[in-house]
RNA sequence: GGCCCUAUCGUCUAAUGGUUAGGACACGGCCUUCUCAAGGCUGUAAUCCGGGUUCGAGUCCCGGUAGGGUCACCA
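Residue numbers (the numbering used here): 26 to 501.
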């Protein structure tokens, strides 16, 4: 009989959510959803100096965008109380009292200067500093004004199992009498997260590898409290694209909502991120959120860190955009170019669907240099460029006049790319495709690069197409 | 420095001890109506090094090397 899986994502509200944080949230959420368990969003705001206003809302907004829902969170307390640590101070005090009563917690009697001297001395002697070397023989009564430390119950080698890394262990050097409650009354992360995980029934703790080396300390605290130890899963880091370092804010790790603003699909972003450090065990890469939940297996998570590759994210986004209906695709585009007329948009849609990887790019398509820029603005150009590879200007002029002749009879309502092509194609085939198609396209767009001439004509409409062709003839 | 972790194409990754070491991104080539994209096909490209175990090692063991993490009244 397996106990219900309970996981949590526990960020501190110190600014925006970056890629690494979100990926941790995704894995914890997937493990819970895969097992029909519970996912908790807990806010670890025990360092009031580092707190950034608005972070809690921002974190929630980021997770909501990605479709990561929580069963308990800052807005949804549980039987265990609030999911915001600063509102749970009584819980930590109670746990601290248990340790004090057992003789396993004591107030730190030293001043900051004394402590600093201990550090210096250890450094001078070239040995690692351990607070427990200075543990007082007799514990004072804790009045709440001094830091409260754990009396490490047993100095020994700890071994434990990690769902990702396998069997891990560390020697007694990793153990020390760490601080449980700071002199300002707030608990440390080391203490608070364990108390909360117990109170909230967390069964699986997923976090980054920076916590591996403090795991023995956590284990000693579980021992001291006599609590059960949850399963641990250490996630690999997301690296900078040069692979030298963990991706951090200084390296351009963006606010995840920045990707939303650029027009990435949440499902694509989620899909790409989950593939850094995990795979479904087969060749599938483009997957829906539902497919990913089905396939998710914490045992298939990588041990080594992986680099974040924005190129592949773009590709992934395009794959997900391809799956969208025209209506949804159009809605995604319109946010970025609200002033383009509905008609043009509908006709240009196939071209746009082909070319952009991210919705935000639709802005550049209609810009001066963009591939659809000709729709809104016909640039001036050198008439000589109307000729295809050495064809004379006189012949080019004839070709364009012929095109005008061929297009004239088509009714404006029938002015589709197929109809236009059908009208022009036979002539182009006998005359030389380049000789006809290049000048036609150039006369319509005034630029070297664009979609094919039939589509361009269709997008412009009959009236504008004929006008531009006549203008070109006039130049020759 | 102590302790700990990691190591397959440039990148993300696959491979019950037996495969020509597979896929994807990127890159190159070709094709697909003129250009540019998109798409299709295709090519280049990897088991960090050295020992051992084994008929056989990317896979197991040992030792190096390289990279990373951590040693806070931060999380």
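Cβ atoms here follow ideal geometry from the backbone N, Cα and C, with glycine treated the same way.
Between the C-alpha atoms of residue 196 and residue 154 there is a straight-line separation of about 15 Å.
When Cβ pairs closer than 8 Å are counted between the two stretches, the segment 335–345 is seen not to touch the segment 70–88, the count staying below three.
Distance from the Cα of residue 80 is smallest, within the candidate group 411, 68, 233, 299, for 68. Going by C-alpha positions, residue 48 is about 6 Å away from residue 298. The C-beta of residue 31 has 16 or more other C-beta atoms within 10 Å across all chains shown, which makes the residue buried. In this structure residue 220 does not touch residue 63 by the C-beta definition: roughly 18 Å separates them, more than the 8 Å allowed. Under the DSSP assignment, residue 315 falls in the alpha helix (DSSP H) whose first and last residues are 314–320.
Residue 171 is positioned such that its CB atom lies no closer than 8 Å to that of residue 130. Residue 496 and residue 479 have their C-alpha atoms roughly 18 Å apart. One alpha carbon belongs to residue 105, the other to residue 218, and they sit about 14 Å apart. If you look at residue 388, you'll find it in the alpha helix (DSSP H) that goes 387–390.
Annotated three-state conformation of residue 325 is helix, per DSSP. For residue 143, the three-state secondary structure derived from DSSP is helix.
Assignment of beta-bridge partners to residue 154 by DSSP yields no partner. Going by DSSP, residue 49 is part of the alpha helix (DSSP H) stretching over 44–59. Bounds of the alpha helix (DSSP H) holding residue 428 are 418–432. With respect to the C-alpha of residue 470, the residue from 442, 394, 436, 417 having the closest C-alpha is 394.
Taking 8 Å as the cut-off, the beta carbon of residue 391 is found no closer than this to the beta carbon of residue 383. DSSP places residue 184 inside the beta strand (DSSP E), whose first and last residues are 183–187. Per DSSP, the continuous beta strand (DSSP E) segment holding residue 195 begins and ends at 191–195. DSSP lists 32, 256 as the bridge partner or partners of residue 229. In this structure, DSSP gives residue 415 a state outside helix and strand, which the three-state scheme calls coil.
About 12 Å separates the CB atoms of residue 65 and residue 100; that is not less than 8 Å, and the two are not in contact. In chain order, 310 place their CB closer than 7 Å to the CB of residue 300, counting only its own chain and leaving out the 5 sequence neighbours on each side.
Under DSSP, residue 264 forms a beta bridge with 271, 332. For the options 379, 494, 348, 358, the alpha carbon positioned closest to that of residue 403 is the one of 494. For residue 480, there is no enclosing beta strand (DSSP E); the enclosing alpha helix (DSSP H) has its first and last residue at 478–485.
Residue state for residue 212 is assigned as strand, using DSSP reduced to three classes. Selection 294, 208, 50 evaluated against residue 168 yields 208 as nearest (Cα-Cα). Straight-line spacing of the CA atoms in residue 385 and residue 42 works out to 21 Å. Shown here, residue 470 sits in a helix according to DSSP, grouped into three states.
When rounded, the separation of the alpha-carbon atoms in residue 398 and residue 485 is 11 Å.
Residue range 240–250 is occupied by the alpha helix (DSSP H) that includes residue 241. With contacts defined as CB atoms closer than 8 Å, residue 323 and residue 193 fail to qualify as a contacting pair.
Taking C-beta separations shorter than 6 Å and ignoring five residues to either side along the sequence, the partners of residue 34 in its chain run 50, 53, 66, following chain order. Assignment of residue 101 by DSSP, reduced to helix, strand and coil, places it in the strand class.
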